[in-house]
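Colleague: Take the sequence shown: its position 161, counting from 1, is numbered 184 in our numbering, and each next residue is one higher. Just so you know, even glycine gets a beta-carbon here, dropped at the ideal spot from N, CA and C.
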Amino acid sequence: LFSGGFFKEHRMSGSRQEDFQATWRYENWIYHYELSKFTVLDYFKHCELFYDTTCNNEVVAQQGGNLEQIKKMEGIYYQTDLKTSERDEHYFAIRKLLREKTPSGTFKDKLLALYYVVGEGPGKGIVYAVPDLHSVMNYNYTTALFYAQNAFKEIRERVQFNRGKHYTWDHSEQKESQPSEPPNPGKKSSSVQQDDSKARKTKKRHKTRDPRVAALVQDALLTTLRDPVDLERIQAMRQKRAAQAAAAEAAQ
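#1: Given residue 131, which residues of its chain have a CB within under 7 angstroms of its CB, disregarding the five upstream and five downstream residues?
#2: I'd like the list of long-range same chain contacts for residue 21, defined as Cβ closer than 6 angstroms, with 5 residues on each side in sequence excluded.
#3: Could you please give me the residues that DSSP links to residue 141 through a beta bridge?
#4: For residue 120, which residues from the same chain have a beta carbon less than 8 angstroms from its beta carbon, with the 5 sequence-adjacent residues on both sides left out?
#5: Given this structure, state the Cα-to-Cα distance separating residue 113 from residue 147, to the nearest angstrom.
#6: By the 10 Å Cβ neighbour count, where 16 or more other Cβ atoms means buried, how is residue 145 classified, buried or exposed?
#7: Report all residues from its chain with a CB closer than 6 angstroms to the CB of residue 274; omit the five preceding and five following residues, and keep chain order.
#8: Report buried or exposed for residue 219, applying the criterion of at least 16 other Cβ atoms within 10 angstroms of its Cβ.
#9: Pick out whichever of 45, 93, 142 has its Cα sitting closest to the Cα of residue 107.
#10: What first and last residue would you give for the alpha helix (DSSP H) that runs through residue 8?
#11: Please state whether DSSP places residue 149 in a helix, a strand or coil.
#12: List the residues that DSSP assigns as beta-bridge partners of residue 103.
#13: Going by beta carbon distance, what residues of the same chain come within less than 7 angstroms of residue 90, once the five residues before and after it are set aside?
#14: Considering only the alpha carbon of each residue, which of 153, 166, 61, 111 lies closest to residue 118?
#15: To the nearest angstrom, how far is the alpha carbon of residue 225 from that of residue 180?
#16: If you run the structure through DSSP and keep just helix, strand and coil, what is residue 265?
#17: How about residue 138 and residue 150: are their beta carbons less than 9 angstroms apart?
#18: Buried or exposed: residue 182, going by 16 or more other Cβ atoms within 10 Å of its Cβ?
#19: By the three-class DSSP mapping on this structure, what secondary structure does residue 123 have?
#20: Can you tell me which of 129, 63, 165 puts its alpha carbon nearest to the alpha carbon of residue 94?
What follows is the structure in structure tokens.
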């Protein structure tokens, strides 16, 4: 989608975490004006969510100067990436840059944030903030850890000990079905700790049943079971789950 190697030498910083979950659109502007690679920056200037009104673009505009003056100024400024729209006319990209002067007297740009604007279709004019690599990895790691913790918690609750049979697995079906959601990255969450404390106090088994957690639990049980009957039951459950997933994909 984006060109120019934005992420090769610069790592985006300074963007708020909640910006990655927010979008903006100015319907009145879209109705009266044409959105193109030449006008998208003027459209973006109305975005109070992402646009910094103290940037050099505004300083030059208020002074009635030429935008070429920005190249000689230090500070934050916005720039349209024309190569992105040339590759895909349905999208526009806007870079938020910090221009700093080096000891040698030359200027160096640092990428602070990157935004893209939908140029066609029902979502025309919607502005998104592109998350940096750190935020993407943090979200994926947090989500994976959340479901893994839920799966291990359910496995722990399924263990039963009998003096005659020693340790066995509890294969009873859950009575309640409530989807679980991973914590929101960037915001302090204690959902997993709260679930653990409730489990210890109430001693209820298998309170949460999320398909992703169930898949982890079944795979873990399959690798530890030795009873042929149990193995056959788990294999049947896996085949049923795979068939349901294939049917859902075919329906889409």
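Modeller: According to the structure data:
#1: 123, 125
#2: The question about residue 21 has no answer, for the chain in this structure spans 24 to 275.
#3: 114
#4: 99, 100, 101, 102, 132, 133, 134, 135
#5: 9 angstroms
#6: Looking at its Cβ environment, which holds fewer than 16 other Cβ atoms inside 10 Å, residue 145 is exposed.
#7: none
#8: With a pLDDT of 42 at residue 219, under the threshold of 50, the predicted position of this residue should be treated as unreliable, though the coordinate-derived value follows. Counting Cβ neighbours within 10 Å, residue 219 comes out exposed, since fewer than 16 surround it.
#9: The candidate whose alpha carbon is nearest that of residue 107 is 142.
#10: The requested residue 8 is not part of the displayed model; the chain covers only 24 to 275.
#11: coil
#12: 117
#13: 83
#14: 153
#15: Caution is warranted here: a pLDDT of 42 is assigned to residue 225, below 50, making its placement in the model unreliable, and the coordinate value is therefore given only provisionally. Taking the straight line joining both Cα atoms gives about 12 angstroms.
#16: helix
#17: yes
#18: exposed
#19: Strand, per DSSP.
#20: 129
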